[in-house]
Amino acid sequence: MTFKTILMAGAMSAVASAGAAECAFENDVPLRSLTAGFEAWKAVTDNMAECGNFEANLDQEFREKQPEAFAADPSLYHIGGVANATMIPLLNAGTIRPLNDLVDEYGQHLSPNQLITVDGDIMAVAMMVNNQHLMYREDILNDLGLEVPTTYDEMLAAAAVIEEAGVVDYPLGGTFASGWNLGEEFVNMFLAHGGDFVDDDNMPTINNEMGVASLEKLKATTEYLDPEYLAADSTYVQQQFQQGQIAMANLWASRAGAMDDPEESQVVGKVKMASAPMGPEAPVSSIWWDGIVIASNITDEEAEAAFRVAMEGIDTETVQESPEAAVWLIDGYEPGDLAAGAAATAANGARPYPASSAMGIMHSALGNGIAAYLNGNKDAETTLADIEAAYMTSAEEAGLID
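Going from the sequence shown to my numbering is simple: count from 1 and add 935.
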């Protein structure tokens, strides 16, 4: 199974003509979607709703809820919002349908780099790219005479100066919530060290010097975080920034626009974006895409209506109304200052998230196992050995290894 490569350059330029000022048709088929809840999905589903008979479910726990919801017959949702990794369980379960015919009829405006192809079938349509990048309080760094960090060690050194100055509650924010978020922090750090998670036979390959170094770097980071960091997801860190509690964070590009939202943010104009800090081999980040899928367990009539509504959600109108909500893969997008960090992270060589069935199991094992090291209950080698053992059990049950 191979995924069609999405070039970051595709997000940096207009790719085709598309879209209208309002929904191009009146939808009379009741439809529901389940997606993440960040700003880009809010913008997209708002435009889908213009077509009528549409209910959007914006839920940051979407990745846990989608597999069972889409496996129902009929599916509980018609449209799903997915990313590299969150599509894998749906793909493996056969609960999303190929979109070739629908793209031919209603998606002629789509760029090739939006079409996520698996074994010759278009299984998803990408709308944006995303990565974690450095967000920092420009005023605080200037006041303290600090340069914008370019490496992870420079970021930690700057955090020490900020802590000594006492100008914010915590120098750093981090998405270290136990589970998926904490797993992703290790993924980013391990990729930045040049690591690969499994070999060609799906055997785990994290219990090594790169794995230990990655854990140690995450542990060093926690010294500058809110002590409740094991509960800190993306929304938590976003709000810490908006409330002036932190000075820096390696946070998702999709959260950048919220910094300048005057209804929520106390730091409008003060938070700037730069490349994710470099590790030994690459930026401490991974490249993702987000896009839409259509459920298998619905009628062809519902699928057609769902796809048409989805296309209305990811057209030029969305970009015009919410240009800063994402690094869009949609016609008309011109990156502004808030996208600079995402573009720089990609240009500096951030590696793609290695989405696969094996990686889905590994990510879960990481998310469940790393906290024991961070809170001092296990040493690094034992932590990694236990994570590999948990992976082996689940991978054998899934038939990925003999």
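We put the beta carbon where it would ideally sit given N, CA and C, even for glycine.
List the endpoints of the continuous alpha helix (DSSP H) containing Gln1255. For Gln1255, the enclosing alpha helix (DSSP H) begins and ends at Thr1251 to Glu1256.
Run through the segment 953-989 for me and flag every whole beta strand (DSSP E) of 3 or more residues, listed as ranges in chain order. Taking only runs of at least 3 residues, the beta strand (DSSP E) segments lying wholly in the segment 953-989 are 966-970.
Have a look at Val1102, Pro1047 and Asn1310 and flag the residue whose alpha-carbon is nearest the alpha-carbon of Met1058. Residue Pro1047 is the option with its Cα nearest to Met1058.
What are the start and end residues of the beta strand (DSSP E) that includes Tyr1171? Going by DSSP, Tyr1171 is part of no beta strand (DSSP E) but of the alpha helix (DSSP H) stretching over Ser1169 to Gln1177.
Closest residue to Asp1337 among Gly1080, Asp1135, Thr1085 and Ala1307 (Cα-Cα distance): With distances taken between CA atoms, Asp1337 lies nearest to Asp1135 out of Gly1080, Asp1135, Thr1085 and Ala1307.
Among residues of its own chain, excluding the 5 on either side of Phe973, which ones have a beta-carbon nearer than 6 angstroms to its beta-carbon? Result list for Phe973: Ser1189, in chain order.
For Lys939, which residues from the same chain have a beta carbon less than 7 angstroms from its beta carbon, with the 5 sequence-adjacent residues on both sides left out? With a pLDDT of 40 at Lys939, under the threshold of 50, the modelled position of this residue cannot be trusted; read the value that follows with caution. Cβ within range, chain order: Leu1050, Ile1051 and Thr1052.
Could you check if Ala1020 is buried or exposed, using at least 16 other CB atoms within 10 Å of its CB as the buried criterion? Sixteen is the threshold: when 16 or more other Cβ atoms of the shown chains lie within 10 Å of the Cβ of Ala1020, as they do, the residue is buried.
Under a Cβ-count criterion, where at least 16 other Cβ atoms within 10 Å of its own Cβ denotes burial, should Thr1156 be classed as buried or exposed? Within a 10 Å sphere around the beta-carbon of Thr1156 sit 16 or more other beta-carbons, which makes this residue buried.
Return the chain-ordered list of same chain residues with a C-beta closer than 8 angstroms to the C-beta of Thr1140, the five sequence neighbours on each side being excluded. Here the set comprises Gly1130, Asp1131, Phe1132, Val1133 and Asp1134.
Where Thr1170 and Ala1191 are concerned, what is the direct C-alpha to C-alpha distance, given to the nearest angstrom? Within the model, the alpha-carbon separation for Thr1170 versus Ala1191 is close to 12 angstroms.
How would you label Phe1125, buried or exposed, when you count the other beta carbons within 10 angstroms and need 16 or more for buried? By the 10 Å Cβ count, Phe1125 comes out buried.
Taking the CB atoms as reference points, tell me whether Asn962 and Ala1238 lie closer together than 9 angstroms. No, they are not a contact pair.
Over what stretch of residues does the alpha helix (DSSP H) that includes His1298 continue unbroken? Counting along the chain, the unbroken alpha helix (DSSP H) around His1298 starts and ends at Ser1292 to Gly1304.
By how many angstroms is the C-alpha of Ser1231 removed from the C-alpha of Ala956? A caution first: Ala956 carries a pLDDT of 47, below 50, which makes its placement in the model too unreliable to give a value.
Give me the Cα-Cα distance between Asn1027 and Gly987, rounded to the nearest whole angstrom. The straight-line gap from Cα to Cα measures roughly 32 angstroms.
From which residue to which residue does the beta strand (DSSP E) around Tyr1164 run? From DSSP, Tyr1164 is part of no beta strand (DSSP E); its letter is neither H nor E.
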